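Each remark here refers to the structure printed beneath this line.
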Amino acid sequence: MRFSYLVVEFTTNNKAFTEKYCANKTKPELKCNGKCHLNKEIKKTSESNKPLQSEKSENRNFPIEILFYQETKIFHSLVSFIVKHKTINAFYLNRYNPIFTNKLFHPPQNILFLG
């Protein structure tokens, strides 16, 4: 949380950040502008995150075992049905109904302008 606050403060208000945190205020020729303090904080957070990264890598070494497997027979019978009857798409439903298309509003064709 503190690190993200420092990054936001560094990017938005660099002048105040430099005055508040920079260790090289007496050496303006280095043009540090607070990067020294920001780098120190990056190192601190990366060191504190190293144990978490090593734990994650250790957890990846477990073998994966398949405990239960059952072949589905429904899919195979459906494929054989499609091949026998030469049906390309067995799941298509034709839901077209001309009743709904006839009830659409159509504007009048003849418009009379009085002017």
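My numbering puts the sequence shown at residues -19 to 95. From the three backbone atoms N, C-alpha and C, an ideal C-beta is built for every residue, glycine too. Quick caveat, the model's predicted, so the values are computed rather than measured.
- Query: According to DSSP, is N4 helix, strand or coil?
  - Reply: coil
- Item | Under 7 Å between C-beta atoms of L10 and F(-10) | no
- May I have the straight-line CA-CA distance separating I22 from C16, to the nearest angstrom? 10 Å
- Given a cut-off of 7 Å, decide if G14 and T(-8) are closer than it, judged by their beta-carbon atoms. no
- Message: Using only CA atoms, which one of K5, P87, P88, L(-14) lies nearest to K20?
- Response: L(-14)
- Message: Going by DSSP in three states, E21 sits in which element: helix, strand or coil?
- Response: helix
- Leaving out five residues on either side along the sequence, give the residues of the same chain with a beta carbon under 8 Å from the beta carbon of F48. none
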